[in-house]
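Chemist: Could you have a look at this structure, given as structure tokens, before my questions?
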Amino acid sequence: MKLAQIHDPESGLHLAKVENESVYPVLAESNGLRTLLDFVRGADREGISLVDLVERHCSSQALSLTWSELNVSPTPSTPHAAIPVHPPEVWACGVTYKKSAEFRDGDTQAPAGIYDYVYFSDRPELFFKGTEARCTGPNDFIGIRKDSKFTAVEPELGVLLSSKRKILGFTVSNDVSAWDIERENPLYLPQSKI
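In numbering that gives the first Met the number 0, the protein residues as written are 0 to 193.
Right under this line is the structure:
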């Protein structure tokens, strides 16, 4: 099931189910369910799956706009695809594959082997990336640190977890990093993330 959040200038942000080009609103305002996070929390409260709760409240009437018409650069005055979820927190796992460890060890000013050590460790490298305020949606602008001379994008797999550590879904993410800041010292990693 493909879910998206849609910004409608008249009714605000709401969840939608996307099937090919058709977009179906998913709302239960009387239950306080509008956004994906509302539905995640609602499914947890009811003890049912997110899919079941979405199906229960999914309209059979598609929106007049297609997915292609909504998947555009956002403006406050036009309907558009919004950030898939407003995450309370975003965490990342680093050095998750061998090439990353080799590349980062060869590219850092830190003691040799630190990333290789993390790669083979029983404990993964986890770090806090930010909150909802640091996240943007599709086709939106991203921020770049003014004190960085080398900022790069990195496609990532985003995993949506429930408060009970259950995988609820996946999304494509764009990890924007100030590589020059990260390379100065491995401890600067959280500062390099945008």
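Ideal placement from N, C-alpha and C gives every residue a C-beta, glycine not left out.
E20 and S67: beta carbons closer than 8 Å?
Modeler: For E20 and S67, yes; Cβs fall inside 8 Å.
Chemist: Going along the chain, which residues of its own chain have a beta-carbon closer than 6 Å to the beta-carbon of H6, five neighbours each way excluded?
Modeler: Closer than 6 Å at Cβ, skipping near neighbours: L12, H79 and A81.
Chemist: Note down, in chain order, each residue of its chain lying with its Cβ closer than 7 Å to the Cβ of A151, except the 5 sequence neighbours on either side.
Modeler: So the list reads S176 and W178, once near-sequence residues are dropped.
Chemist: Just how far apart, CA to CA, sit T170 and P83?
Modeler: Cα to Cα, T170 sits roughly 8 Å from P83.
Chemist: Where does D174 sit, in a helix, a strand or coil, going by DSSP?
Modeler: Note: D174 maps to strand in three-state DSSP.
Chemist: Considering Cα atoms alone, identify which of P87, S10 and A15 is closest to P75.
Modeler: Checking every option, the nearest Cα to that of P75 belongs to S10.
Chemist: Let me know the secondary structure DSSP gives H85 once reduced to three states.
Modeler: In the structure shown, H85 sits in coil (DSSP, three-state: anything other than H, G, I, E or B).
Chemist: Rounded to the nearest angstrom, what separates Q4 and D174 at their Cα positions?
Modeler: Whole-angstrom Cα-Cα distance: 20 Å.
Chemist: Return the residue from the list V158, I180, C134 and E131 that minimises the CA-CA distance to D146.
Modeler: Among V158, I180, C134 and E131, the Cα nearest to that of D146 is on I180.
Chemist: Out of Y187, F140, F126 and V39, which one is the CA nearest neighbour of R164?
Modeler: Closest by alpha carbon: V39.
Chemist: If you draw a straight line from the alpha carbon of P87 to that of K128, how long is it in whole angstroms?
Modeler: P87 and K128: Cα-Cα distance of roughly 11 Å.
Chemist: Kindly identify the DSSP beta-bridge partner or partners of V50.
Modeler: According to DSSP, V50 bridges with nothing at all.
Chemist: Using the C-alpha atoms, what's the distance from R144 back to S162?
Modeler: Cα to Cα, the separation comes out at about 31 Å.
Chemist: Go ahead and pull the three-state DSSP assignment for G41.
Modeler: The answer is helix: DSSP assigns G41 an H, G or I state.
Chemist: Between L36 and H85, is the Cβ-Cβ spacing less than 8 Å?
Modeler: It is a contact, given that the beta carbons lie within the stated cut-off.
Chemist: Find the nearest neighbour of P154 within the set A61, S172 and N138, judged by alpha-carbon distance.
Modeler: If we check each option's Cα against that of P154, S172 comes out closest.
Chemist: Rounded to a whole number of angstroms, what is the C-alpha to C-alpha distance between D51 and P8?
Modeler: Spanning the two alpha carbons is a distance of roughly 28 Å.
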